[in-house]
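One structure is given below, encoded as structure tokens.
There are 2 protein chains.
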Amino acid sequence: MIVDKQSADPSLRPIVNDPVDDSRTVAVVPRTEATSDGLLSGSPGRDVAEKGLREAITRGTIAPGHRLVEAELSEQYGVTRNSARLALDALAAEGLVERIPNRGARVRTVSTAEAVEIMECRMVLDGLLSAKAAELADDDQVARLLGNRELMRRAVAERELLRYSELIQNHHALVREAARHPIASELVQRLAAQIVRHQFQLSLRPGRAEQSLAELERVVDAIVARDPAAADAAAREHLGGVIAAVREEALV
Amino acid sequence: MIVDKQSADPSLRPIVNDPVDDSRTVAVVPRTEATSDGLLSGSPGRDVAEKGLREAITRGTIAPGHRLVEAELSEQYGVTRNSARLALDALAAEGLVERIPNRGARVRTVSTAEAVEIMECRMVLDGLLSAKAAELADDDQVARLLGNRELMRRAVAERELLRYSELIQNHHALVREAARHPIASELVQRLAAQIVRHQFQLSLRPGRAEQSLAELERVVDAIVARDPAAADAAAREHLGGVIAAVREEALV
DNA sequence: GGCGCCATGATTGTTGACAAACAATCCGCC
DNA sequence: GGCGGATTGTTTGTCAACAATCATGGCGCC
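Read top to bottom, the protein sequences are chains A and B. All residue numbers for the first sequence refer to the working numbering, where the first residue is 17 and numbers rise by one. All residue numbers for the second sequence refer to the working numbering, where the first residue is 17 and numbers rise by one.
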């Protein structure tokens, strides 16, 4: 049975309509220290640890499978153990950290099979985003996509793989912005974070950049042409190519 | 069933000081049992609260927008406040609960626009799963899909909407199982949990069941015929129909 | 010499008390 | 009578100590 008491305002204290809400999110500057040994404490603490850890994991500074001991993290990031613990919880929810009850946490290692599955999900979601972008992008966004395409071409021509890698990220960011689809955007980003390692490894394969570029150019073309179906198809084809490459890599 | 209270959406109401707030007395209550002092503690505690809350939210027992006060939850589920707190964290990560720092948590209300976005994501992911199912389903799974199709037909013929609704869930569960794609399966389930309310509301619309059935039958046909592309297309078409219906509903 | 069993150490998980944040209220003041 | 600022009460967030859990290593026993 359902209880519906909605007739009364559920807010004891209104949370809605808070126009100035950033007062709390920024202005961090934590009491530089609270505990005698100079640990950052509190809410900032959790965020500091979470941000630092996420960065370290996604950049590969910490290797997959590496154990993450709460006490060590606490010391390393200068936060209390509780903050470190909460950060681990958050990252576990994001799929970056694996947690085993009573046994601790470690950096999640995604198998090749999982990486493929993740990419398959990204493939269809990226198709959705590209299609939406083709439908909704404004002139400025189209211009920036074209500009980025030019940069990608140059980077590939000059064999600047690292730079090209960054530009691909940029391309995706532009597509996400143009698509105006927060839900899909967040999903894609979360999935992408889980496989940076695989993706990076792949990008160094000879010949990979050229193929990738050709595929991405078709995505841009479709968006510029305002053709959602073509954009969807092109985006899928691109990631389909990436997936095939990863599968091949796995055999090596 | 779900009591609709859309008519009194709290977020649309002016922020008046409503001294009498009985909306917070929720009649939930499993209170599974108790230790000597009446509190379940610890790890089980967190799980109990999380499971109970998730159930209450997805079943609509607690209305969207409803405030979730840690102390109250702790009492209601017979767990410590900390367990309740962790449960809220977990549910917030799943997108079922909204948290605002220092201001508390409430059941997330998904706007129609968000619901549409979520369904668009489900659409493409469901297409992926259906295609995989067409590729990988074994004979037993195919048989069960066919059996379920028959049950759906009957339910619709006999105007058993509630039963039909359950059978749809069952259909999706069978597809997920056959697809052997844990990543996509989990994503889809998480997204689905966020919009049960919208979906349920929709399923009661006259004529909706018939159209839905026809679409789902085509999905089953494609899987049985081992035709991934057709399965993908059919699944997308199905959710595309649902999305169109939701958009219409929004105008009413 | 190998096997099971208890002590030990390192880590995670929990607890209750404490502190901060915020909305609502009260009070003096003009 | 209305306004600004301190005050209060409620709720969230943090902390350090405590308890539970698991792996490891030593020790007797077969």
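Backbone N, C-alpha and C define an ideal beta-carbon position, used for all residues, glycine too.
Spell out whether any CB of chain B is found under 8 Å from the CB atom of residue i.
i, result
"A/A250", "no"
"A/L161", "no"
"A/P198", "yes"
"A/E86", "no"
"A/A246", "no"
"A/L144", "yes"
"A/I259", "no"
"A/D156", "no"
"A/A150", "no"
"A/A109", "yes"
"A/A208", "no"
Does the beta-carbon distance from residue i to residue j come in below 8 Å?
i, j, result
"B/H188", "B/V262", "no"
"A/Q217", "A/G257", "no"
"B/L144", "A/V140", "yes"
"B/A106", "B/E66", "yes"
"B/L104", "B/L84", "yes"
"B/T74", "B/V172", "no"
"A/R3", "A/L255", "The first residue shown for chain A is 17 and the last is 268, placing residue 3 of chain A beyond what the model contains."
"A/A150", "A/A247", "yes"
"B/E202", "B/Q157", "no"
"A/A251", "A/S90", "no"
"A/L152", "A/A200", "no"
"B/R308", "B/A87", "Past the edges of chain B, shown from 17 to 268, lies residue 308 of chain B, and the structure says nothing about it."
"B/H82", "B/K148", "no"
"B/T77", "B/A266", "no"
"A/D236", "A/R165", "Residue identity differs from the one stated: residue 236 of chain A is Val in this sequence, not Asp. Yes. Within cutoff."
Alpha carbon to alpha carbon, how far is residue i from residue j?
i, j, result
"A/V123", "B/V240", "40 Å"
"B/G68", "A/E253", "43 Å"
"B/D243", "B/T125", "38 Å"
"A/R101", "B/V204", "28 Å"
"A/R3", "B/G223", "Only positions 17 to 268 of chain A appear in this structure, which leaves residue 3 of chain A out of reach."
"B/M135", "A/G94", "42 Å"
"B/E174", "B/L167", "11 Å"
"A/L178", "A/I184", "10 Å"
"B/R169", "B/L229", "7 Å"
"A/E264", "A/P60", "44 Å"
"A/E182", "A/G163", "14 Å"
"B/L55", "B/S99", "Any reading at B/L55 must be qualified, since the residue scores a pLDDT of 43, below 50, and its modelled position is unreliable; no value is offered."
"B/Y180", "A/L161", "46 Å"
"A/N186", "A/R206", "16 Å"
"A/E130", "B/V268", "43 Å"
"B/L220", "B/L190", "23 Å"
"B/D63", "A/R62", "22 Å"
"A/I259", "B/A249", "21 Å"
"B/A209", "B/A79", "14 Å"
"A/A245", "B/Q92", "51 Å"
"A/D155", "B/D142", "32 Å"
"A/A121", "A/A238", "44 Å"
"B/E176", "B/R234", "21 Å"
"A/P117", "B/P117", "27 Å"
Start and end of the alpha helix (DSSP H) containing residue i?
i, result
"A/A171", "D155 to A173"
"A/P198", "P198 to Q210"
"A/A247", "P244 to L267"
"A/R224", "R224 to V240"
"A/T128", "T128 to L152"
"B/R75", "Unbroken run through B/R75: none, as it is neither H nor E."
"B/L178", "L177 to A195"
For residue i, write down the residues that DSSP places opposite it in a beta bridge.
i, result
"A/V123", "A/V113"
"B/R83", "B/R122"
Quick one: does residue i have its CB under 8 Å from some CB of chain A?
i, result
"B/L141", "yes"
"B/I134", "yes"
"B/L232", "no"
"B/E130", "yes"
Following a CB-centred definition, is residue i positioned closer than 7 Å to any heavy atom of the ligand MG?
i, result
"A/E91", "For the structure depicted, the ligand MG is absent and the ligand set is empty, with no information on it obtainable."
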